[in-house]
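Below is one structure, written out as structure tokens; comments come after it.
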Amino acid sequence: MIADVGQSGGWQPGVDEIRHSNLAVMLAELGFSRYEELHAWSVREPEQFWHYMLQRLGIQFDSPPKVLLANADDPAQARWLPDATLNIANSCLLAAAHNPALVHTREDGHSTEWSYHDLQSLTRRVALGLQQLSMKPGEHVALVMAMTPEAVAAWLGIVYTGCVVVSIPDSLAASEIATRLQMISCRLVLTQDQVLRGNLRHPLYRKLLDVAPPRCIVVPRDPQFTTADLRPGDLCWQQFLPAAEATGAVIRPANAHINILFSSGTTAAPKAIPWTHSTPLKCAMDGHCHHDIRPGDIVAWPTSPGWMMGPWLICATLINGATLALFEGAPTGRAFASFVQQRRVSLLGLVPSLVKAWRASSCIDGLDWHAIRRFSSTGECSNADDMQWLMEHAGGRPVIEYCGGTEIGGAYLTQTLLQPAYPALFSTPALGLDCVILDDDGRPASSGELFIAGTSPGLSTELLGRDHFAEYFAGTPCGLDGRRLRRHGDEVQRLPNDYYRALGRADDTMNLGGIKVASAEIERILNVDPLLLECAAIAVSPAQGGPSQLVIFAVTLPLTTVSPGELQQRLQKQLSAGLSPLFRIAELRMVTALPRTASNKIMRRHLRAEAGRAADPQSHNVS
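Mapping the sequence shown onto this note's numbering, position 589 (from 1) lands on 590, and the numbers just tick up by one.
In structure tokens:
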């Protein structure tokens, strides 16, 4: 059947998955024979499904919910656990005290290991340190750090004391950090003196000082960093940490904020999206059911606490009693690849551009990645050839494609270990949710914009400074059950075999010669060229008006000597043959790298602005 949609390769569930995966155990407990039955039940009876999941995940409540879901008939007004109280940090620290909570390796080879007891102790010390600085429940604390053990403890400690993490990526320019600090008022910033990446030391604290931040707590990564390097009033990590620990977590309503995250801002100004104490339930469920995270798993996922996948990783891993594997440095080279082998990582998460970089550099060659039980890919549309190559380097293990967003707390489309996995395809909507694909006229279609049907913990219910209803529900149609659908903004194709392929963001859709096409579709065709490391397709409106023009930003492999004109001709032939002869590349620009967020998403807004300035003959007069 898969051949009918032009897909090759793939993975079939083995004996372990069929008998012993988390999903297999769940099917047996619930009396279902097939995953599809479980998914249908989770959508049809969401309260029953989530009651079961809360018990299975061992979520700790101070006051258990008497009502799981209020306003179920209106997804725009639905509220989960409206009367429950808890602190979700408690549920992250339930594993046996001696079990490994995290392992950590730096590019220079320095390694540490923390037990759950160690992590709990530092979490409680962070919480007490915040209380001694008079931080009150509900107040905001900015976290501007790389994904280090201290960052994990800081995130948990802020939540533990009832405060709210404001996640700001450490890789942002000072002006972008300032924008986020202006959007959300913070009394305190937890940061570090520098970030280690690619054997380079990038100043972070000094960058922060350029925007006059609130009081800072600084974790030194440079042994030479001392209190003399601090701004008056700022504290070093060891000065901030008390010897004693907070006696207990501050209990909060389930709908109280724990984390403010910002959208990537690749196409518009960032949205401030609150997570609540119920959002990690979605993270943990996806980790348990779709990624099969169990005690004993070693989970590595290059990310940052500044982006959604950072808090997701913390919650999905720790609530399921597994071990975080943190690498401090660039994930693109041999050091990271060796770390995966040495730490015997069993779940490796990634963005597709990482796979392309590994493949181009051969940094995985000769290493043993057979401890990996599965990969997971998110953040970008995958290239099937790259994912097939990756699977082969771990003995044919599957890639769990994972598509969602910050305002979902996880995925709406993904895969399972009970279904065949094919490179760059999704096998199912996530448990608890269903999806509807509509064309431009709002009719069901095999290809078009995807809308979310149903409701689930994790789905946002508010935005800070924006109209949440206008963003996600205004003007959306109703599903077959008569309930309003939720907009997310992704273009998706449903294939004849009922698998799904992501086509990119709806707001990255181009209109070229009267034909709509997603930028990801063009990139998928062009990225197979052996001279390309990666590319980005951008539609630019000419300054003088007229139809949009296709501009390609191309990053070639090292030592490639092809000229821009020659490369444009090559790619034009591929585009004409692989997608449509009607699509013409108006301009090709060779660049050394594409601008990316810390989560490795292409910053298309920046590329559009750059291409637009060049197209405007007056652009040199604009600062």
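Just so you know, even glycine gets a beta-carbon here, dropped at the ideal spot from N, CA and C.
No experiment lies behind these values; they were computed from the predicted model shown.
Exposed or buried, what is residue i when buried is set at 16 or more other beta-carbons lying within 10 Å of its beta-carbon?
i	result
T462	buried
P478	exposed
N528	buried
Q193	buried
R207	exposed
V167	buried
H394	buried
G455	buried
P582	exposed
R232	exposed
G411	buried
A174	exposed
T267	Bear in mind that a pLDDT of 41 at T267, under 50, signals an unreliable position, so the model cannot answer this.
A537	buried
P214	buried
K67	exposed
Identify the continuous alpha helix (DSSP H) that holds residue i and give its terminal residues.
i	result
C479	It is not in any alpha helix (DSSP H) - C479 carries neither H nor E in the DSSP assignment.
G449	That residue, G449, is in no alpha helix (DSSP H); its beta strand (DSSP E) goes S448 to A454.
F554	Where F554 is concerned, there is no enclosing alpha helix (DSSP H), although the beta strand (DSSP E) it sits in stretches over Q550 to T557.
Q343	R335 to Q343
E37	Y36 to R45
G10	First-last for G10: undefined, no H or E at that position.
E393	A385 to E393
I526	S520 to L527
L572	P565 to G579
L432	Looking at the DSSP string, L432 is not in any alpha helix (DSSP H), and its letter there is neither H nor E.
Between which two residues does the beta strand (DSSP E) carrying residue i extend?
i	result
N260	H258 to F263
E329	T324 to E329
I586	I586 to M591
S112	S112 to S116
Y413	G411 to T415
G406	C404 to G406
E492	R487 to R495
W276	A273 to T277
C631	Because the chain spans 2 through 624 in this model, residue 631 falls outside it and cannot be assessed.
May I ask you to report which of helix, strand or coil DSSP gives residue i?
i	result
D74	coil
S624	Unreliable placement is indicated for S624, whose pLDDT of 22 sits below 50; the coordinate value is still reported in the next sentence. It is coil, neither helix nor strand.
M604	coil
S377	strand
C187	coil
E611	helix
I89	helix
G288	helix
R20	helix
L504	strand
C164	coil
S354	helix
V153	helix
F427	strand
L242	coil
W359	helix
W313	helix
D235	coil
I252	coil
Taking Cβ positions, are residue i and residue j nearer each other than 9 Å?
i	j	result
V212	I178	yes
L355	R375	no
L282	L58	yes
R344	T561	no
A635	M511	Shown here, the chain extends from 2 to 624; a query on residue 635 therefore has no answer.
H291	Y403	yes
L129	A245	yes
I274	L464	yes
S520	D509	yes
V142	M136	yes
T407	Q416	no
L368	Q342	yes
A358	L103	no
Taking 8 Å as the cut-off, does the CB of residue i come closer than this to any heavy atom belonging to the ligand GTP?
i	result
G234	What this structure holds is no ligand at all, so the ligand GTP is not there to describe.
Could one say the Cβ of residue i lies closer than 9 Å to chain D's Cβ atoms, at least one of them?
i	result
H371	Note that chain D does not occur in the displayed structure, where there is just one protein chain.
Counting pairs of beta carbons, one from the region 285–295 and one from the region 98–116, are three or more of them closer than 8 Å?
Taking one beta carbon from each stretch, the region 285–295 and the region 98–116 have fewer than 3 pairs nearer than 8 Å; the two do not touch.
Do three or more CB pairs link the region 409–425 to the region 438–450 at distances below 8 Å?
Put simply, the region 409–425 does not touch the region 438–450. Fewer than three CB pairs are less than 8 Å apart.
Are the region 85–99 and the region 489–496 touching by the rule of at least three beta carbon pairs closer than 8 Å?
Counting C-beta pairs with one atom in each stretch, the region 85–99 and the region 489–496 have fewer than three that are closer than 8 Å, which means they do not touch.
Is the region 63–78 in contact with the region 471–485, if contact means three or more CB pairs nearer than 8 Å?
Cβ pair count under 8 Å is three or more, so yes.
Kindly confirm or deny that the region 223–237 and the region 182–201 touch, where touching means at least three C-beta pairs closer than 8 Å.
Pairwise C-beta distances place the region 223–237 in contact with the region 182–201, as three or more of them are shorter than 8 Å.
Does the pairing of the region 179–191 with the region 328–337 give three or more beta-carbon distances under 8 Å?
Three or more beta-carbon pairs separated by less than 8 Å are not found between the region 179–191 and the region 328–337, which leaves the two stretches without contact.
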